[in-house]
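Chains A and B supply the protein sequences, listed in that same order. All letters in the first sequence, in the order written, are residues 4 to 348 by my numbering. All letters in the second sequence, in the order written, are residues 4 to 348 by my numbering.
Number of protein chains: 2
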Amino acid sequence: MAKGRATIADIARSAGVSLSTVSRVLSGRESVIPIGPETRARVLASAAALNYRPNQAARTLASGRSQAVAVLVHDISDPYFSEIVRGIEDVASANQYMVLVCSTDRDPVREREYLLRMGSFPTDGIILAAGGFEEEAGLDEVRSLIERGVVIVGVARHGLPIPTVRISNEEGAREMAEHLLQLGHRRIAFIAGPPGLTTANDRLAGYRQALREAGLSADGLVLAGDFTREAGQRVVPHLLRSTPRVTAVFAANDKMAIGCLAGLRAAGIVVPDEVSVVGFGDVPSAQDTEPPLTTVTIPLREIGRQVMREVLQQLGGQPPSAALSAPTTLTIRRSAAPPRSGKPG
Amino acid sequence: MAKGRATIADIARSAGVSLSTVSRVLSGRESVIPIGPETRARVLASAAALNYRPNQAARTLASGRSQAVAVLVHDISDPYFSEIVRGIEDVASANQYMVLVCSTDRDPVREREYLLRMGSFPTDGIILAAGGFEEEAGLDEVRSLIERGVVIVGVARHGLPIPTVRISNEEGAREMAEHLLQLGHRRIAFIAGPPGLTTANDRLAGYRQALREAGLSADGLVLAGDFTREAGQRVVPHLLRSTPRVTAVFAANDKMAIGCLAGLRAAGIVVPDEVSVVGFGDVPSAQDTEPPLTTVTIPLREIGRQVMREVLQQLGGQPPSAALSAPTTLTIRRSAAPPRSGKPG
DNA sequence: CGCTATACGGCAAGCGTTTGCGCAGAGTGG
DNA sequence: CCACTCTGCGCAAACGCTTGCCGTATAGCG
Numbered sequence: 004m005a006k007g008r009a010t011i012a013d014i015a016r017s018a019g020v021s022l023s024t025v026s027r028v029l030s031g032r033e034s035v036i037p038i039g040p041e042t043r044a045r046v047l048a049s050a051a052a053l054n055y056r057p058n059q060a061a062r063t064l065a066s067g068r069s070q071a072v073a074v075l076v077h078d079i080s081d082p083y084f085s086e087i088v089r090g091i092e093d094v095a096s097a098n099q100y101m102v103l104v105c106s107t108d109r110d111p112v113r114e115r116e117y118l119l120r121m122g123s124f125p126t127d128g129i130i131l132a133a134g135g136f137e138e139e140a141g142l143d144e145v146r147s148l149i150e151r152g153v154v155i156v157g158v159a160r161h162g163l164p165i166p167t168v169r170i171s172n173e174e175g176a177r178e179m180a181e182h183l184l185q186l187g188h189r190r191i192a193f194i195a196g197p198p199g200l201t202t203a204n205d206r207l208a209g210y211r212q213a214l215r216e217a218g219l220s221a222d223g224l225v226l227a228g229d230f231t232r233e234a235g236q237r238v239v240p241h242l243l244r245s246t247p248r249v250t251a252v253f254a255a256n257d258k259m260a261i262g263c264l265a266g267l268r269a270a271g272i273v274v275p276d277e278v279s280v281v282g283f284g285d286v287p288s289a290q291d292t293e294p295p296l297t298t299v300t301i302p303l304r305e306i307g308r309q310v311m312r313e314v315l316q317q318l319g320g321q322p323p324s325a326a327l328s329a330p331t332t333l334t335i336r337r338s339a340a341p342p343r344s345g346k347p348g
Numbered sequence: 004m005a006k007g008r009a010t011i012a013d014i015a016r017s018a019g020v021s022l023s024t025v026s027r028v029l030s031g032r033e034s035v036i037p038i039g040p041e042t043r044a045r046v047l048a049s050a051a052a053l054n055y056r057p058n059q060a061a062r063t064l065a066s067g068r069s070q071a072v073a074v075l076v077h078d079i080s081d082p083y084f085s086e087i088v089r090g091i092e093d094v095a096s097a098n099q100y101m102v103l104v105c106s107t108d109r110d111p112v113r114e115r116e117y118l119l120r121m122g123s124f125p126t127d128g129i130i131l132a133a134g135g136f137e138e139e140a141g142l143d144e145v146r147s148l149i150e151r152g153v154v155i156v157g158v159a160r161h162g163l164p165i166p167t168v169r170i171s172n173e174e175g176a177r178e179m180a181e182h183l184l185q186l187g188h189r190r191i192a193f194i195a196g197p198p199g200l201t202t203a204n205d206r207l208a209g210y211r212q213a214l215r216e217a218g219l220s221a222d223g224l225v226l227a228g229d230f231t232r233e234a235g236q237r238v239v240p241h242l243l244r245s246t247p248r249v250t251a252v253f254a255a256n257d258k259m260a261i262g263c264l265a266g267l268r269a270a271g272i273v274v275p276d277e278v279s280v281v282g283f284g285d286v287p288s289a290q291d292t293e294p295p296l297t298t299v300t301i302p303l304r305e306i307g308r309q310v311m312r313e314v315l316q317q318l319g320g321q322p323p324s325a326a327l328s329a330p331t332t333l334t335i336r337r338s339a340a341p342p343r344s345g346k347p348g
C-alpha cells in the first residue's frame with residue numbers, strides 16, 4: 004500500500020536531465036563536477052515539486068556512507084552516559100548524522116554482541132563510551148570493524164587500538180584525595196568501583212597515590228563497591244566499625260556516594276560533621292542531596308561533543324588527533340569538612 | 004583500503020548453490036521456501052568460514068525493512084526520557100532492532116526537522132516519546148511517514164492520529180492532590196509545566212479537578228513553571244508571600260519539586276514541617292533529596308517496553324492495540340505531611 | 001502406471017543511489 | 001586556425017541483497 008515515494012529517476016524525467024545530474028545536485032557533489040545554475044534550478048524545482056526525499060539506504064549502499072554513528076554505553080538510563088550521548092547528539096545532528104544507542108550493562112559479552120551487529124549495521128563510526136575493562140574482550144571485533152573502514156573512537160578506553168578521549172580519572176581522584184588530606188583527614192576510606200573497570204581503577208589509583216605521597220597507607224581502607232547506590236549504602240556498617248574510625252569516605256562515583264549519604268543518615272551519623280563524604284562524577288542530582296555533594300566534575304557533555312567531532316574529522320579523512328582529553332575539576336559543596344577536632348579528650 | 008567483506012555471492016560460490024538459496028537460509032525465509040538440511044548446512048558452514056556479515060544497507064534497500072526504530076524525546080539527558088529509551092532498547096535489542104535517539108529540546112521546529120529526516124533515514128518505526136503540544140506541529144510529516152509504511156506510536160501523544168500509550172497524568176495528579184487534601188491541606192499551590200505541553204496540562208487539570216471536587220478554588224494558586232529546576236526555585240518567594248500562606252506545593256514534575264525544595268531550604272523553611280512539597284514523575288534522584296520526595300511514579304521503563312512491543316506487533320502486521328496505558332502510582336516519602344495545626348494560637 | 005502435490009533450488013529483475021569515464025561545445029593562448 | 005583546457009552533462013556499471021516466478025525431482029495417491 005505504501006505509496007511509492009519519488010526517486011531521482013522521477014526528478015530526472017521531470018527536469019529533463021539525467022540521473023547523474025540529479026544525483027550530483029542533490030547530494031552536493033557539484034564541487035567536483037560543476038552543474039549549470041539553470042539546470043540545478045530545474046532539478047531543485049522538480050525535487051521540491053515531487054516532495055522528494057532521498058533514500059538513505061540506497062545512498063548507503065552505493066556510497067558506503069550511512070550518516071549514522073553508534074554509541075556503546077553501559078546504560079543509557081545512567082545520567083553519566085545519557086549526558087555524554089547528548090553531547091554526541093548535539094554535534095551529530097548539526098552535521099546531519101544520526102546516533103544510535105547500545106546499552107551493554109557493563110557486560111563484555113553484550114558489548115561484543117553489539118560490536119558484532121555493527122558489522123552488519125550501516126554506521127560510519129562507533130563511539131565506545133562505555134568504560135573498558137583491564138582485559139578487553141572485543142578486540143577482534145574492533146579490529147575487523149576498523150579494517151572495514153569504520154572509525155572508532157573511545158572515551159576513557161585505553162587498551163584498545165583506537166584514539167580515545169582521556170578523562171583524568173586518576174588526577175581527579177588524586178586531587179580530591181589531596182583536598183580531603185588538606186582538610187585534615189587522615190583516615191580516608193575509598194569505596195571502589197567494579198573490579199577490572201579501568202575507569203574505576205584509575206580513580207582508585209589516584210586515591211592511593213595521594214595517600215602514599217602523604218605518607219599514609221591505604222591498607223584496610225578500600226572497600227569493595229560496584230558503582231551502585233546500594234553498594235554505597237552497604238558499606239556504611241564497615242565504615243562505622245573501623246578503628247580508629249574513618250573521618251572521610253571517598254566514593255569512586257556519585258551514585259555510591261549518594262547511597263553512602265543515605266546509609267549514614269539512616270545510621271544517625273551527620274555529614275559532614277561526623278564524617279565527610281565525597282564522590283566522583285558530579286551527576287545532576289549531586290547538587291540536591293543533603294548536604295550537597297562535594298565531588299569531582301567531569302565535563303560529560305563536552306566530552307561527547309569532542310568525541311563526535313573527532314569521529315567527524317576522521318571521517319573527513321584527517322588523521323586521529325593525538326591527544327583528546329577532558330580535565331576534571333573539583334567542585335566543593337558541603338559534604339566534606341575538616342574532621343572533628345583531633346583526638347578525643 | 005577497506006577490505007571487501009564477504010558477500011552472499013562468495014558464499015554461494017563456495018557452497019555451490021545459488022544466491023537465492025544463500026539468501027533464504029541466511030535471512031530465515033526458509034519457512035516459505037524450504038531448503039534441504041544438507042544444503043543449509045553447507046551454506047552455514049561457508050558463511051562461517053568466510054566470516055560473513057550481512058550488509059544491512061543492502062537488505063534494507065531490497066526488502067524495505069531496516070531493523071531500526073527512531074525515538075524522539077525532548078532530551079535524552081533527562082532521566083525521564085533516558086529511562087523510557089532504556090525500556091525501548093530492552094525489547095528492541097532482544098528483537099534485533101537498533102534504536103536511534105533524537106532530542107528535540109521541546110522545540111516543535113526541531114521535532115519537525117527530525118521527522119523530515121526520518122523521511123530519508125531507513126527506520127521501520129518511530130516512537131514519539133516527547134510530550135506533545137496542544138497544537139501539534141508535525142502533523143503532515145507524521146501522516147506522510149505513515150503513508151510510506153512507517154509505524155508510528157506515541158507515548159502520551161494524543162492529538163496525533165497514532166496509537167499512543169496513555170500515561171494517567173490527570174488521574175495521577177488528582178490522586179496526589181487528593182492525598183494532600185486528605186492530609187489536611189487546603190491551600191495547595193501548583194507549579195505548572197511548560198504552557199501548551201499536554202503532559203503538563205493534564206497534570207494541572209488533575210490538580211484542578213481534585214480541588215474543585217473538594218469545593219476549593221485554585222485561583223491564584225497555580226504558578227507558572229517550565230519543568231526546570233530553576234523554575235521550582237524561582238517560585239519560592241511567591242509561595243512565601245502568599246496569604247494565607249500555602250501549606251503545600253505540588254510541582255508538575257520532580258525537577259521543579261526538587262528546585263523548590265532547594266529554594267525553600269535556602270529560605271530557611273523546613274519541609275515538610277512548615278510546607279509540604281510533592282512532585283510528579285519519580286525520577287531516580289527523588290529518593291535522595293532531603294526529605295525524600297513524595298511523588299507520583301510513572302513506570303517509565305515499562306512504558307518504553309510496552310511502546311516498543313506495540314511497534315513490533317504492528318510491524319508484524321497486527322492492528323494497533325486499542326488501549327495502551329500505564330498507570331501511575333502514588334509513592335509516599337517524607338516531603339509531605341499534615342499542615343501545621345490550624346490557625347495561629 | 002499416470003497424475004498431482006510437494007520439496008528444493010535457480011534465474012533474474014529489481015531496490016534507489018553514486019560515480020568513473022566519456023564526450024560535446026566553449027573559451028584561450030599561441 | 002590549432003591544440004588544449006575547462007564546463008556541463010549523460011551512460012552505465014556497480015553496491016549487496018530479496019523475492020516473484022519457474023523448473024526439476026521425488027513422493028504420494030488411486
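Note that beta-carbon positions come from the ideal geometry of N, C-alpha and C, so glycine has one too. In this text the structure is predicted, and so the values were computed from the model without any measurement.
Tell me the residue span of the alpha helix (DSSP H) that contains residue i.
i: T246 (chain B); result: Run containing T246 (chain B): none; DSSP gives neither H nor E here.
i: I261 (chain A); result: 257-269
i: G128 (chain A); result: Premise fails: G128 (chain A) lies in the beta strand (DSSP E), 128-131, not in any alpha helix (DSSP H).
i: G235 (chain B); result: 232-237
i: A203 (chain A); result: 201-216
i: I272 (chain B); result: Note, I272 (chain B): premise wrong, no alpha helix (DSSP H); not H, not E.
i: V28 (chain B); result: 22-29
Using a Cβ cut-off of 8 Å, pull out every chain B residue sitting near residue i, in sequence order please.
i: G39 (chain A); result: The premise fails here: G39 (chain A) is roughly 26 Å from chain B at the closest Cβ pair, so nothing lies under 8 Å.
i: V102 (chain A); result: L103, V104
Mind listing the chain A neighbours of residue i? Cutoff is C-beta to C-beta under 9 Å, in chain order.
i: Q316 (chain B); result: None at all; the shortest Cβ gap to chain A is about 18 Å.
Is residue i helix, strand or coil when you go by DSSP?
i: A329 (chain B); result: strand
i: R169 (chain A); result: strand
i: V426 (chain A); result: The displayed coordinates of chain A run from 4 to 348. Any statement about residue 426 (chain A) would go beyond what the structure contains.
i: L64 (chain A); result: helix
i: I36 (chain A); result: coil
i: V225 (chain B); result: strand
i: A5 (chain A); result: Unreliable positioning characterises A5 (chain A) in this predicted model, as indicated by a pLDDT of 41, which lies under 50. The coordinate reading is nonetheless provided below. Here A5 (chain A) sits in coil by DSSP.
i: A12 (chain A); result: helix
i: T300 (chain A); result: strand
i: K346 (chain B); result: At K346 (chain B), the pLDDT of 44 sits below 50, so the modelled position is not reliable and the matter cannot be decided from this model.
Under DSSP, the beta strand (DSSP E) around residue i begins and ends at which residues?
i: G284 (chain B); result: 279-284
i: A140 (chain B); result: Segment: none, A140 (chain B) is in no beta strand (DSSP E) and carries neither H nor E.
i: F193 (chain A); result: 191-194
i: I155 (chain B); result: 154-158
i: F253 (chain A); result: 251-254
Using a cut-off of 7 Å between C-beta atoms, extract the partners of residue i located in chain A.
i: A265 (chain B); result: D291
i: S85 (chain B); result: I79, S80, S85
i: L64 (chain B); result: A60, A61, L64
i: I170 (chain B); result: What I170 (chain B) touches in chain A: nothing, since even the nearest Cβ is about 18 Å away.
i: G122 (chain B); result: R56
i: I261 (chain B); result: D291
i: E92 (chain B); result: I79, V104, S106
In chain B, what lies closer than 7 Å to residue i by C-beta?
i: P350 (chain A); result: It is not possible to answer for residue 350 (chain A), since the shown part of chain A is limited to 4 through 348.
I want to verify the contact list: residues of chain A whose CB lies under 8 Å from the CB of residue i, in sequence order.
i: E233 (chain B); result: Under the 8 Å cutoff, chain A gives no residues; its nearest Cβ is about 12 Å from E233 (chain B).
i: R146 (chain B); result: In chain order: nothing, as chain A lies at least about 11 Å away.
Please find out if some non-hydrogen atom of the ligand FAD comes closer than 7 Å to the beta-carbon of residue i.
i: M179 (chain B); result: This structure lacks the ligand FAD; in fact it carries no ligand of any kind.
Would you check if there are 3 or more beta carbon pairs closer than 8 Å linking the region 175-187 of chain B to the region 210-227 of chain B? The region 175-187 of chain B makes contact with the region 210-227 of chain B; the number of CB pairs closer than 8 Å reaches 3 or more.
So does the region 298-314 of chain B actually touch the region 197-204 of chain B, counting three or more Cβ pairs closer than 8 Å? Segment contact: the region 298-314 of chain B against the region 197-204 of chain B, fewer than three CB-CB distances shorter than 8 Å; contact not assigned.
Segment contact, 8 Å Cβ cut-off, at least three pairs: the region 117-136 of chain B with the region 306-315 of chain B: With the cut-off at 8 Å, the region 117-136 of chain B and the region 306-315 of chain B touch.
Taking contact to mean 3 or more Cβ pairs, one atom from each stretch, closer than 8 Å, check whether the region 249-268 of chain A and the region 315-330 of chain A are in contact. No, they do not touch.
Would you mind listing the beta strand (DSSP E) stretches within the region 72-122 of chain B that are 3+ residues and don't spill past its ends, in chain order? For the region 72-122 of chain B, whole beta strand (DSSP E) runs of length 3 or above, ordered along the chain, are 101-106.
Would you check if there are 3 or more beta carbon pairs closer than 8 Å linking the region 167-175 of chain B to the region 325-332 of chain B? The answer is yes - the region 325-332 of chain B touches the region 167-175 of chain B, with three or more Cβ pairs under 8 Å.
Would the region 88-99 of chain A count as touching the region 302-311 of chain A if we require 3 or more Cβ pairs under 8 Å? With a cut-off of 8 Å, the region 302-311 of chain A and the region 88-99 of chain A count as touching, because enough Cβ pairs lie within range.
Give a yes or no on contact between the region 282-297 of chain B and the region 288-295 of chain A, applying the rule of three or more CB pairs nearer than 8 Å. In short, these stretches touch, since the Cβ pair count reaches three.
If we count Cβ pairs, one from each stretch, closer than 8 Å, do we get three or more for the region 54-64 of chain A versus the region 56-65 of chain B? As far as the Cβ criterion goes, the region 54-64 of chain A touches the region 56-65 of chain B, which means the pair count is three or higher.
Are the region 37-56 of chain A and the region 268-279 of chain A touching, with three or more C-beta to C-beta distances below 8 Å? With a cut-off of 8 Å, the region 268-279 of chain A and the region 37-56 of chain A do not count as touching, because too few Cβ pairs lie within range.
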